[in-house]
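Using numbering that gives the first Met the number 0, read the sequence shown as starting at 0 and increasing by one per residue.
Quick notes on the structure that follows.
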Amino acid sequence: MVTVSKKVTDIGQLRVWDFDGSSTNQAPGNDSDVYLRPAAIFKDPFRGGDNILVLAETYNNDGTPNRTNYRHHAAKVMEQAKEEVPWFGLEQEYTLFDADGSPYGWPKGGFPGPQGPYYCGAGTGKVFARDLIEAHYRACLYAGINISGINAEVMPSQWEFQVGPCEGISMGDHLWMARYLLVRIAEQWGVKVSFHPKPLQGDWNGAGCHTNFSTKAMREPGGIKVIEAAIEKLSKRHNEHIAVYGEDNDLRLTGRHETGHISDFSSGVANRGASIRVPRHVAAQGYGYFEDRRPASNIVFFGNSAFWEDGPCNGRIGERKDLAPHPLMPDYELNFSPLSFAEAGSYKLIELTPDLTTLIETAIKNDDDLESVPKPSFDASNTNSQFEPIFSRLTIKGEPNEDAVLCTAEKTFIMRSVSLSNSVLVVTPVPDERAAAFAPDVLIIRDQLHEVIELTPAVAKLHKLSALIRERQYDEGAEDEGEGEADDGPRFMYEDARQQIQASDAELDKGLKDRRILIINRELRPIAPAYLTRLLELIINLLVSLSMKHDAVQVEPLTTALADEHDVSRAVSTQVMQWFGELKDGRWKMDVPAVVREVGLGILRNHRRDPIEKDALVSKWKEQVGDTFESSVSLDSLAGNYLEAEPVYTGDPVTITYFPSSILPVDPAARFSELFAAQKKWRAEEVSPFLSDIAVNNKERDKLLLKYCRTVTEPQGVRYTARAQYNG
C-alpha cells in the first residue's frame, strides 16, 4: 500500500517503486532491489473514493525486465500484432476450499452428489458461496475490469468468471486484476481459492481458462477461412503451446470431462472434447472467433506469448527468452523394494515452516538430537522429586480420536493432509544387505506418497487438563497430606501431560501457570480458587507485617512464615510466587497487577448467579488488596471473565456477573452460541478477550468474527450480533 500526494488520473503520474526481490525469489540477497513500473490502474473497490489499484511490471536495477516479467515480452508482441486487432475472451475457472483444505460446502468427510445439477445451479445444496462470487463480480465492475459474466460450474464449489472482450495486452491486465480481487475477497470469507487444473481426483471436472480469440479478419464476412488457417498453424505447434499452458495440465487434459487429450491436437464445430472448438453459430454464419480449450486455469497469461506469435496472427513462433531450458537429468533404473508392502505408508511428506526448516538444518549441522534435550529452565524443586524432565524440540502428539499436531519447543501446529495432484516416489539406494540381489546403480522405490501434510499455527489444546485433574484439587485440607500420601483416584503426572496434551513444552508450562496448576510430587493438581485467594491475601498481609518491599521480597522468611504460621508447604508457596512474579537469587519480585487481578477474580467468582454492583466490587477489591496496591485495581484486568449488564433505567447501578471464558466450549461455533445466548450484542473490546484462547492471533480472531458475527451500527457504536443460530 502506497500513499500519494494527490489524485491519480493517469498512469504517467505514478513513480517507479522498489521492493526487496530477495524475499520473493526475484533477486539475490546481495543485489535485492527490484523495481515496479506501473503498467495499468484500476479503481479500488475496497477503499473506494480516489483510491486505485496498480498493476506493475518488475525490472532489475540495470533497467532490464526481471526474469518473472512476462508482461514486457507480451506487450511487445501485442504491439507488433496491433493491426490485426486481436480480441480475447477468457473463461477463468477456479475452485473454492475451506480453511481445512476440504472443498467449500462439501460434507465433512464425505462427498456431494455426482456432478451435473450444479452447473449454473440455484438453491441450497446446488451452489456454494454465492455471496462471495457476487461480491467479486461487483468489485470487478467497480474496478473497471471488463468482466462479462459469472456462473457456477459442473463441479460443486467450482465457479467461472469471464473477462472480455479485451484487446491486446489488456486481456492479461484485466485477468490478473480479477484474480487478485477474487483472492482478496475470498480472504475476507476465510476461503481459499485454487487455480489448480485438477484440484480433486476422481470423476470431477478439472478447471481451465478457455481462451476465445479473434482478429479483425476473422470477425469480418468470410473470416471462417482465416479461422481455419489459424487452427492449422496451431496444430503444428501443439506441444510448444502445451508447455506454456499451465502446470499439471496433464491431469486435466485426459480426453475425459469435456477435454481433448494432452498428447493430441484436434478441432471441431461445437465439440467440447476437442483442443479447438468453433462455435456452431460461427461455422453457420462464416465468421467470428474460435475457442482454445487447452489452457489450464493456472496459466500465466502473459507467459504464453507463443500462442499469438504463432498461427492466429502471423504464423511466426517467437523465441521464449524467459523460459530457460530444463537441465538434463540422469537416468536411473528403478525397482520396487522387496519390502514395499511392509514399507507402504511408512513415509510422510511435510511442508515445513521457515522456523522448522531452520531448526532441522541447525540440528543436522550440529549433529543434534531433534527429539529431546535437557530442559534447563525447569525447576525440579517444585516437584519434590529427583526426576530430570526433557524439553522436546519436535514431537507429534494426538490420541486416535484427535487431529494430530506437531509441537516444537515453543509452538504447536495443526497437521492437515492435502492431496497431491501427482504421486511422489520415495527412492533410495539399495541397502547394503540386499545389494547382491540388484544390478549396480539401481534405485529402489520405498513408498508412494499421494498427500502432503501442511502445518498451520494453532492454539495449544490445553482444555483436556481440567477434566483429567478435576478430582485432584489442592486446597487447605491437602496440606495435611503426608509425603507420598494420596486420595484414592487416578493421578495425572507432569510426564503424562507432556505426552498427552497437544501443546509444546513452553505452552504447557505457561498453561499450568495460567490455570494455576501445582506440581506436587510430580503430580498435577489444580489449586482451589478460594485457597489461592486466601494464600495471596496472606502473602500481602505478611509483606506488611515483615516490612518487606514487594519488589525485593526475601523468599526464605516469607515461606517460613507461611509454613510455620499457616501450614503452607514450601513447594506450594514457591510455585505460587513463581506464578505471580519472578524468583531470582533468593528474592521474589512480585507481579503486582497479576496478584491484584487474582484477588479480584476471587471476589468475582462468588457472583456467577448473584450479580454484584460494579462500584461494590471495586470497593471490596480495594479493601482486600490494601492501600499499597489499590491503585492497581482495574476492571480491565478481569476482561474475559465477566458480563456487564447495562442499567435498564437511568440512575440504576451497573451490575457484573462472573462469566469466565475458561468454561466455554473450544469449538468456535459452540462458543459463539454460548456468547450470544448470554448476551445478544457485544462491543469489540468486550468479545475479544473471550476468543483469545481459541484464536492463535488477531488475524484468526477477526476471521472468526467475520464468519460467526455480523455488525450493526447503533448510536452507542458498532456492535457484534449473531450471524445465524448455532447449535454447536
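Backbone N, C-alpha and C fix where the C-beta goes; we use that ideal spot for every residue, glycine too.
Check                                                                                                                                 : Outcome
Residue nearest to serine 147 in terms of C-alpha spacing, selected from Gln157, Pro155, Val153, Glu133                               : Glu133
Straight-line Cα distance separating valine 7 from lysine 42                                                                          : 10 Å
Contacting residues, own chain, Cβ-Cβ under 7 Å from glutamine 200 (five flanking each side not counted)                              : Ser418
Residue from Thr427, Arg137, Lys125, Gln498 with nearest C-alpha to glutamate 398                                                     : Gln498
C-beta atoms of aspartate 17 and valine 33 nearer than 8 Å                                                                            : yes
Inter-residue Cα distance where the pair is serine 572 and arginine 607                                                               : 28 Å
Short CB-CB distance (under 8 Å) between isoleucine 518 and chain B                                                                   : Looking for chain B here will not work: only one protein chain is present.
Three-pair Cβ contact test at 8 Å for the segment 448–459 versus the segment 275–290                                                  : no
Bounding residues of the beta strand (DSSP E) (the contiguous stretch that carries tyrosine 58)                                       : 51–58
C-alpha gap between asparagine 605 and alanine 408, whole angstroms                                                                   : 38 Å
Residue nearest to arginine 445 in terms of C-alpha spacing, selected from Ser345, Asp584, Val554                                     : Ser345
Per-residue DSSP class, three states only, for serine 754                                                                             : Absent from the structure is residue 754, since the part of the chain shown begins at 0 and ends at 727.
Length of the line joining the Cα atoms of serine 274 and methionine 217                                                              : 19 Å
Exposure label - histidine 325; buried when at least 16 CB within 10 Å                                                                : With a pLDDT of 40 at histidine 325, under the threshold of 50, the modelled position of that residue is not reliable, and the figure given next carries that caveat. Histidine 325 should be labelled exposed.
Close-in-space but distant-in-sequence residues of the same chain around glycine 254 (CB under 6 Å, 5 per side omitted)               : His260
Sequence-distant residues of its chain with Cβ nearer than 7 Å to serine 416 (five each side left out)                                : Glu450, Ile452
Terminal residues of the beta strand (DSSP E) in which tyrosine 719 lies                                                              : 716–721
Those runs of the alpha helix (DSSP H) which lie wholly inside the segment 148–222 and span at least 4 residues                       : 169–188, 215–218
Status (buried if at least 16 other CB within 10 Å, exposed otherwise) for lysine 679                                                 : exposed
Three-state secondary structure (DSSP) of threonine 2                                                                                 : coil
Endpoints, alpha helix (DSSP H) assigned at glutamate 536                                                                             : 528–544
Spatially closest choice to glycine 100 from Gln501, Gly189, Asn696, Gly112, by CA coordinates                                        : Gly189
Whole-angstrom distance between leucine 542 and phenylalanine 386, CA atom to CA atom                                                 : Per-residue confidence for phenylalanine 386 stands at a pLDDT of 38, beneath the threshold of 50, marking its modelled position as unreliable; the derived number appears in the next sentence. Cα-Cα distance, rounded: 33 Å.
Valine 594 beta carbon less than 8 Å from that of leucine 535                                                                         : yes
Contacts around leucine 35, its chain only, beta-carbon distance under 6 Å, and the 5 residues preceding and following it disregarded : Trp16, Ala55
Within 8 Å, strictly: CB atoms of phenylalanine 96 and serine 193                                                                     : yes
Sheet register partners of threonine 455 (DSSP bridge)                                                                                : Ile413
Distance CB(alanine 138)-CB(isoleucine 184) smaller than 8 Å                                                                          : yes
Proline 592 (DSSP reduced to helix, strand or coil)                                                                                   : helix
Member of Asn520, Leu464, Lys5, Lys548 whose CA lies at the smallest distance from the CA of aspartate 513                            : Leu464
Nearest residue (CA-CA) to arginine 596, options Ile468, Phe160, Lys619, Gly585                                                       : Lys619
Of the residues Phe437, Ser234, Ala683, Val268, the one placed nearest asparagine 334, counting alpha carbons only                    : Phe437
Pairwise C-alpha distance: arginine 66 and serine 31                                                                                  : 14 Å
Sequence-distant residues of the same chain with beta carbon closer than 7 Å to lysine 81, five excluded per side                     : Gly167
Counted within 10 angstroms of its Cβ, other Cβ atoms place isoleucine 226 as buried (16 or more) or exposed                          : buried
Spatial distance of arginine 722 from valine 182 (CA atoms)                                                                           : 23 Å
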